[in-house]
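Using this note's numbering, read the sequence shown as starting at 1 and increasing by one per residue.
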Amino acid sequence: MQKKTEVHKLELPTRLPIGTVNAYLVRAGSAQVLVDSGIHTAECRDLLADQLTRLGVHPNDLDALVLTHGHVDHTGSTQWLRDHGVKVYAHPGVANWLDPDGEWARYREAFDKQFFRLMGMSGEDILYAERMLNFLAQLTDRSVVDVPLLPGEAFAPLPGFSVLYVPGHAQAAVALWNEQTGEFIGGDQVLPRISSNAVIEPQAGAKDGSQAVRTRSLIQYRENLQFLQSLSIDTVYPGHGDPFQGVHSLIASRLTEQERRRDELRELLGQLGKSSAYALAVAYFPERTDQAPLILSEVVGYLDWMESIGVVVSQLEGDGVLRWQVAGE
Ligand SMILES: [Zn+2]
1 MQKKTEVHKL
11 ELPTRLPIGT
21 VNAYLVRAGS
31 AQVLVDSGIH
41 TAECRDLLAD
51 QLTRLGVHPN
61 DLDALVLTHG
71 HVDHTGSTQW
81 LRDHGVKVYA
91 HPGVANWLDP
101 DGEWARYREA
111 FDKQFFRLMG
121 MSGEDILYAE
131 RMLNFLAQLT
141 DRSVVDVPLL
151 PGEAFAPLPG
161 FSVLYVPGHA
171 QAAVALWNEQ
181 TGEFIGGDQV
191 LPRISSNAVI
201 EPQAGAKDGS
211 QAVRTRSLIQ
221 YRENLQFLQS
231 LSIDTVYPGH
241 GDPFQGVHSL
251 IASRLTEQER
261 RRDELRELLG
271 QLGKSSAYAL
281 AVAYFPERTD
291 QAPLILSEVV
301 GYLDWMESIG
311 VVVSQLEGDG
321 VLRWQVAGE
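1. Beta-carbon within less than 8 Å of Ser308's beta-carbon, same chain only, minus the 5 sequence neighbours each way: which residues are those?
2. Taking buried to mean at least 16 other C-beta atoms within 10 Å of its own C-beta, is Met1 buried or exposed?
3. What residue does the beta strand (DSSP E) around Gln315 start on, and which one ends it?
4. Shorter than 6 Å, the distance from the beta carbon of Asp188 to the closest heavy atom of ligand 1, or not?
5. I need the DSSP call for His8, collapsed to helix, strand or coil.
6. Is it true that the CB of Met119 sits closer than 7 Å to the CB of Tyr284?
7. Can you give the Cα-Cα distance for Arg82 and Asp36, rounded to whole angstroms?
8. What are the complete alpha helix (DSSP H) segments, minimum 4 residues, inside the region 102-189?
9. Any idea what DSSP makes of Gln220, helix, strand or coil?
10. Comparing alpha-carbon positions, which option in Ala281, Gly205 and Asp290 lies nearest Ser297?
11. Taking Gly85 as the reference, give the member of Val94, Leu67, Asp234 and Leu62 with the closest Cα.
12. Could you name the residues that DSSP lists as bridge partners for Thr14?
13. Three-state secondary structure (DSSP) at Thr78?
14. With distances taken Cα to Cα, identify the nearest neighbour of Asp234 among Leu225, Gly29 and Gln245.
15. Measuring alpha carbon to alpha carbon, tell me which residue in Asp50, Trp80 and Pro100 is nearest Gly70.
16. If you draw a straight line from the C-alpha of Ser275 to the C-alpha of Ile295, how long is it?
17. Would you say the beta carbon of His40 comes nearer than 6 Å to a heavy atom of ligand 1?
18. Three Cβ pairs or more, each shorter than 8 Å: is that satisfied between the region 173-192 and the region 237-244?
19. Take the Cβ of Asp242 as the centre, count every other Cβ of all protein chains shown within 10 Å, and call the residue buried at 16 or more, exposed below.
20. Does the beta-carbon of Pro293 have 16 or more other beta-carbons within 10 angstroms, so that it is buried, or is it exposed?
21. Under the assumption that Val199 contacts His169 (Cβ atoms under 8 Å), give the Cβ distance between them as a whole number of angstroms.
22. Would the C-beta of His71 count as close to ligand 1, meaning under 6 Å from any of its heavy atoms?
23. Would you list, in sequence order, the uninterrupted beta strand (DSSP E) runs of no fewer than 3 residues that lie entirely inside the region 247-321?
24. Who are Ala64's beta bridge partners in DSSP?
25. Just the C-alpha distance for Ser77 and Ala327, rounded to the nearest angstrom, thanks.
26. Compute the Euclidean distance between the alpha carbons of Pro167 and Leu250, then round it to the nearest angstrom.
27. Leaving aside the five residues before and after Val299 along the sequence, list all residues of the same chain whose C-beta is less than 6 Å from its C-beta, in chain order.
28. Among Val26, Asp73 and Thr75, which has the Cα closest to the Cα of Gly56?
29. Express the C-alpha separation of Leu139 and Met132 in angstroms, rounding to a whole number.
30. Is it buried or exposed, Arg45, if we count other Cβ atoms within 10 angstroms and call 16 or more buried?
31. Exposed or buried, which one is Gln203 when buried takes at least 16 other CB atoms within 10 Å?
32. Return the Cβ separation of Ile185 and Tyr302 in integer angstroms, given the expectation that the two are a contact with Cβ distance under 8 Å.
33. Within 10 angstroms of the Cβ of Thr53, are there 16 or more other Cβ atoms? Answer buried if so, exposed if not.
34. Would you say Leu118 lies against chain B (beta-carbon separation less than 7 Å)?
Put into structure tokens, the structure is as follows:
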């Protein structure tokens with residue numbers, strides 16, 4: 001397949017365990033678009049500006065900024081670019097993530113508190129998890145989405161590219177897809193070196209976040225990966241790590257790894273007898289308890305998946321904690 005696009009990876013520091021994050025300068029014809037904007041630190045913004053300068057681009061020259069999703073390591077210099085007159089294109093739900101003190105942040109905070117308790121976290125562990133999430137919230141900058149992106153539509157600023165919704169790692173997530181060249185600019189949907197976490201979020205709809213239902217993110221993520229298998233993707237430009245080819249075999253192995261992890265968790269749950277999701281997470285990831293919200297989200301995703309196929313059952317107990325056990329045991 002012939003490439004008409006020029007894509008430059010701009011690698012930026014995050015201060016997070018993930019390491020660096022990528023932004024991309026994409027040129028097609030006379031159009032110049034930036035994908036993602038790093039984390040909200042002066043260090044990151046200066047490096048972004050430097051790398052753009054080296055490519056002969058002043059922020060004013062950009063036709064658009066596209067945000068693949070709203071996580072802090074992808075959106076930090078958004079307002080800085082808007083101040084240079086760049087329009088922000090993203091999934092409409094990303095607007096929520098760009099308002100760290102807004103309604104959505106409070107909704108999510110109420111959801112998280114309730115979620116942590118329901119899943120068996122208590123005392124110090126909850127305070128620690130909340131501190132971690134607050135730390136992340138500080139690494140973003142208040143901004144807005146100028147142009148909401150709709151799935152299936154052509155992405156106007158960049159000839160040849162269209163918009164795909166890719167829920168899973170985040171609910172409000174898009175990829176840019178060029179059917180002619182097979183180029184897929186996919187944010188964190190598929191990463192080359194690590195498997196992407198299908199982060200659980202509140203499903204907006206309840207009046208208060210504490211009453212919100214959780215998203216079944218892992219189930220959604222797997223469905224989306226299976227959908228991506230049907231596209232003739234040639235090159236993936238990921239949010240972390242190097243651009244790569246051969247995504248179909250990578251997705252196939254990710255799906256198999258997930259099935260293996262599912263079976264391991266079922267086995268471990270069988271040994272524990274009856275367990276909260278948090279106790280199961282700590283037993284499965286004993287080295288990663290410093291990442292409590294992440295490992296909890298991961299394990300709940302698997303439990304929801306196993307419950308949907310009848311492998312495990314859950315019951316809300318008198319102390320307000322949901323406990324799980326292997327079906328029929
Ligand atoms: Zn992310």
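C-beta: ideal position from N, C-alpha, C; glycine also.
On the basis of the coordinates in this document:
1. Arg216 and Ile219
2. Bear in mind that the predicted position of Met1 carries a pLDDT of just 47, short of 50, making it too unreliable to give a figure here.
3. Val312 to Leu316
4. yes
5. strand
6. no
7. 13 Å
8. 103-118 and 123-138
9. helix
10. Ala281
11. Leu62
12. For Thr14, which the question treats as bridged, DSSP gives no partner whatsoever.
13. helix
14. Gln245
15. Pro100
16. 15 Å
17. no
18. yes
19. exposed
20. buried
21. 6 Å
22. yes
23. 312-316
24. Val33
25. 48 Å
26. 18 Å
27. Ala277, Leu280 and Ala281
28. Val26
29. 11 Å
30. buried
31. exposed
32. In fact, because the Cβ distance is near 29 Å, the residues do not count as touching under 8 Å.
33. exposed
34. Included in the structure is just one protein chain, with no chain B present.
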